[in-house]
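**Student:** Below you'll find the structure I mean.
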Amino acid sequence: MRARKDQRINIRLSEADLTLLRETAEKEGIPYQSLVTSIIHRYATGQLISVADMQIVLQLRETRRKRKR
């Protein structure tokens, strides 16, 4: 098994975004850096979807459910 080689990066965030990230991380009981890492990983691997995309999926699901009745 290969050792994981994480790289350090620097990014600039608005104060408002950083505050929201910190508040969300605190609610989840994790460090905000871990939350940011998770978000970036999910985005990079195609696992992070937008609210608009999710709404479309839910609408399609509901339409199919109604057709089956």
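Each residue of the sequence shown is one higher than the last, beginning at 1 in full-length UniProt numbering. We put the beta carbon where it would ideally sit given N, CA and C, even for glycine. A quick note: this is a predicted structure, and the numbers were derived from the prediction, not measured.
Terminal residues of the continuous alpha helix (DSSP H) containing residue 60?
**Tutor:** Counted from its first residue, the sequence shown places residue 60 at position 60. That run of the alpha helix (DSSP H) goes 51-68.
**Student:** I'd like the list of long-range same chain contacts for residue 48, defined as Cβ closer than 6 Å, with 5 residues on each side in sequence excluded.
**Tutor:** The sequence position of residue 48 within the sequence shown is 48, counting from 1. Answer for residue 48: 42, listed in chain order.
**Student:** Give the straight-line distance between the Cα atoms of residue 36 and residue 69, rounded to the nearest whole angstrom.
**Tutor:** Residue numbering aside, residue 36 sits at position 36 when the sequence shown is read from its first letter. Residue numbering aside, residue 69 sits at position 69 when the sequence shown is read from its first letter. Going from the Cα of residue 36 to the Cα of residue 69 covers about 43 Å.
**Student:** With H, G and I counted as helix, E and B as strand and the rest as coil, what does DSSP make of residue 20?
**Tutor:** Numbered from its first residue, the sequence shown carries residue 20 at position 20. Looking at residue 20 - three-state DSSP - the assignment turns out to be helix.
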